[in-house]
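These notes are about the structure you will find just below.
Numbering (the working numbering), first residue to last: 2 to 488.
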């Protein structure tokens, strides 16, 4: 036993963030902690490590704990052997990716029996994520990590903790095992709901039939004279009482019928374009011999690229390779770039500059939308925004909520050419799968920058790798692990 937590409670104001009966971490555990944005995952990690005090409960730690914080802050230095492996250099100014790599190196250098990691892929490029995965798979201690990287959760974890409504459910297996079990549970819940509805309707029909029979008994049958009815009335009253008793019995059983709720699931939304909205040209966009330099540093060196209409093209590469620079050149209509004249372009940028902070989420999304408001709402629900969220002003939203709002605005724009720059940053796994399912029905052209391997394999057709100023194109590697996203 490395850690044991009992009856943990944590509140912020009137909100109960954690209400957990029991958690255990043992040697060999590789735990992925998942939950929606704002569920309290980082708070739970802080409580278990001792950085955050719980209001009630006891956490017993039986070994040292190393931590990788989401901020990348660390007072320790990595071992010399890890400096080169993580491609770290001495510099007074460190990028977000360099801070994260240094924090990873320091934590692994400690060789603690228990490693906590809060979004360790933050600011890492694909090379960094793959290196982290390799290091975690070879780590000799136990691991508890918060991550939205589904490939990492699949490759490293043998247990999933799901934090939902302040409580934690423990699942054996990796992320795909968790998702499959959740789908099975949802299927069984749907079956139980349908059986409940079927039995409820049967009882209601039986009660209605008995009620009609009772009313019929209160009237004399046709062709029965008044004298005969007077003689028969007592018998009819007795029979009517028996029928009413049967009806009362049915109603009582109906009232005590074990109610089953329908499983929650986002409404189905189609992002399919009308025939007239598609790009007819072979290429939606093209770049011809683009070179971009900053001072003495050449970021893009004579780069040429064709974005085929109707395809989903992803641009990948290490931090600083020029991915966002390439997108910016395209959006700025640099002389070396071309976008089809018939293309209707919608752009999601990391700075979220398309949002009006004074307007509500729904006002921002519905403004200039090509779809009616109920579709705008449905898209937001698929991105796990609640009805209350929709009426919040953008100025009070979290980073993740702003990303969802800006993405929804792009999705309902009716564009034939969608350009997304790192759309999955700040997203939880639920929202990422929701976005994938919205994009499934989109039949326009997609150009996206991403480091998320699962997102690329589920959504992409073509992958363009930027390296040392040049670009290499390949076919996206599809996987068969896509889930319904209805959790």
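We treat Cβ as the ideally placed atom computed from N, Cα and C, and that holds for glycine. As the structure is a computational prediction, the values presented were derived from the model and not from experiment.
Element boundaries [beta strand (DSSP E), containing residue 475] = 471-476 is the extent of the beta strand (DSSP E) around residue 475.
7 Å CB neighbourhood of residue 129 in its chain, flanking five on each side removed = Closer than 7 Å at Cβ, skipping near neighbours: 98, 102.
Roughly how many whole angstroms lie between the Cα atoms of residue 299 and residue 323?
-> Roughly 9 Å between the two C-alpha positions.
Complete alpha helix (DSSP H) runs within the stretch 142-168 (minimum length 4 residues, chain order) = For the stretch 142-168, the continuous alpha helix (DSSP H) assignments of 4+ residues that do not extend past its boundaries occur at 151-157, in sequence order.
Spell out a yes or no on whether the stretch 20-37 and the stretch 151-161 are touching, meaning 3 or more CB-CB pairs, one atom from each, closer than 8 Å.
-> Using a Cβ-Cβ distance cut-off of 8 Å, the stretch 20-37 and the stretch 151-161 are in contact, since at least three pairs of beta carbons, one from each stretch, lie closer than that value.
Any idea what DSSP makes of residue 392, helix, strand or coil?
-> It is coil, neither helix nor strand.
Report the residue from 34, 281, 375 whose alpha carbon sits nearest the alpha carbon of residue 173.
-> Measuring C-alpha to C-alpha distances from residue 173 to each of 34, 281, 375 identifies 34 as the nearest.
Please confirm whether residue 212 and residue 248 have their CB atoms less than 8 Å apart.
-> In this structure, residue 248 lies closer than 8 Å to residue 212 by Cβ.
Would you call the stretch 369-387 and the stretch 427-441 touching, i.e. three or more CB-CB distances under 8 Å?
-> The stretch 369-387 and the stretch 427-441 touch, with no fewer than 3 CB-CB distances between them shorter than 8 Å.
If you follow the alpha helix (DSSP H) that residue 376 is part of, which residue opens it and which one closes it?
-> According to the DSSP assignment, residue 376 belongs to the alpha helix (DSSP H) that extends over 374-383.
Just reading off the beta strand (DSSP E) that residue 260 is part of, what are its end residues?
-> Residue 260 -> no beta strand (DSSP E), and no H or E assigned at all.
In the DSSP assignment, find the unbroken alpha helix (DSSP H) run with residue 365 in it and report its ends.
-> For residue 365, the enclosing alpha helix (DSSP H) stretches over residues 362-367.
List the DSSP bridge partners of residue 419.
-> Note: residue 419 is bridge-paired with 347, 447 in the DSSP secondary-structure output.
Hey, residue 370 and residue 417: beta-carbon distance below 8 Å or not?
-> Cβ atoms of residue 370 and residue 417: not closer than 8 Å.
Whole-angstrom Cβ separation of residue 175 and residue 155, contact assumed at under 8 Å?
-> The C-beta separation of residue 175 from residue 155 comes to about 5 Å, placing the pair in contact by the 8 Å criterion.
Along the alpha helix (DSSP H) that carries residue 412, what are the first and last residues, could you check?
-> Under the DSSP assignment, residue 412 falls in the alpha helix (DSSP H) whose first and last residues are 400-412.
Return helix, strand or coil for residue 270, following the three-state DSSP convention.
-> For residue 270, the secondary structure class from DSSP, reduced to helix, strand or coil, is coil.
Let me know if residue 424 comes out buried or exposed under the rule of 16 or more other beta-carbons within 10 Å of its beta-carbon.
-> The C-beta of residue 424 has 16 or more other C-beta atoms within 10 Å across all chains shown, which makes the residue buried.
Taking Cβ positions, are residue 476 and residue 463 nearer each other than 8 Å?
-> With respect to the 8 Å criterion, residue 476 and residue 463 are classified as neighbours on the basis of their beta carbons.
Closer than 7 Å by C-beta to residue 325: which residues in its own chain qualify, once you throw out the five before and the five after it? Chain order, please.
-> So the qualifying residues of the chain are 422, 450.
Name, in chain order, the residues that DSSP records as bridge partners for residue 31.
-> Residue 31 is bridged to 144.
Using the rule of at least 16 other Cβ atoms within 10 Å of the residue's Cβ for burial, across every protein chain shown, is residue 349 buried or exposed?
-> That one is buried.
By the 10 Å Cβ neighbour count, where 16 or more other Cβ atoms means buried, how is residue 479 classified, buried or exposed?
-> With fewer than 16 Cβ atoms within 10 Å of its Cβ, residue 479 is classed as exposed.
Close beta carbons around residue 408, own chain, < 8 Å, minus the five adjacent residues each side | Cβ neighbours of residue 408 beyond the five flanking positions: 349, 384, 421, 424, 436.
For residue 356, is the classification buried or exposed, using 16 other Cβ atoms within 10 angstroms of its Cβ as the cut-off for buried?
-> Around the beta carbon of residue 356, a 10 Å sphere encloses 16 or more other beta carbons of the protein chains shown; the residue is thus reported as buried.
Same chain, Cβ closer than 8 Å to residue 338, five either side skipped, listed in chain order = Cβ neighbours of residue 338 within its own chain (closer than 8 Å, five residues either side excluded): 286, 287, 288, 289, 291, 330, 331.
Compare the C-alpha of residue 352 against each of 307, 400, 269, 43 and name the closest.
-> Checking every option, the nearest Cα to that of residue 352 belongs to 400.
State buried or exposed for residue 120, treating a residue as buried only when at least 16 other CB atoms are found within 10 Å of its CB.
-> In this structure residue 120 is buried. Its beta-carbon is surrounded by 16 or more other beta-carbon atoms within 10 angstroms.
May I ask whether a heavy atom of the ligand ATP can be found less than 7 Å away from the beta carbon of residue 401?
-> No copy of the ligand ATP occurs in the structure displayed, which carries no ligand at all.
According to DSSP, which residues form a beta bridge with residue 18?
-> Residue pairing by DSSP places residue 18 in no beta bridge whatsoever.
For residue 53, three-class secondary structure by DSSP | Coil, per DSSP.
Strand pairing of residue 352, partner residues [DSSP] | Beta-bridge partners assigned by DSSP to residue 352: none are found.
Kindly identify the DSSP beta-bridge partner or partners of residue 371.
-> Answer by DSSP bridge pairing: none, since residue 371 is not bridged.
Could you check if residue 148 is buried or exposed, using at least 16 other CB atoms within 10 Å of its CB as the buried criterion?
-> Label assigned to residue 148: buried.
If you draw a straight line from the alpha carbon of residue 279 to that of residue 193, how long is it in whole angstroms?
-> Residue 279 and residue 193 have their C-alpha atoms spaced approximately 43 Å apart.
Among residues of its own chain, excluding the 5 on either side of residue 12, which ones have a beta-carbon nearer than 7 Å to its beta-carbon?
-> For residue 12, the CB contacts under 7 Å within the same chain, skipping 5 residues up- and downstream, are 18, 56 in chain order.
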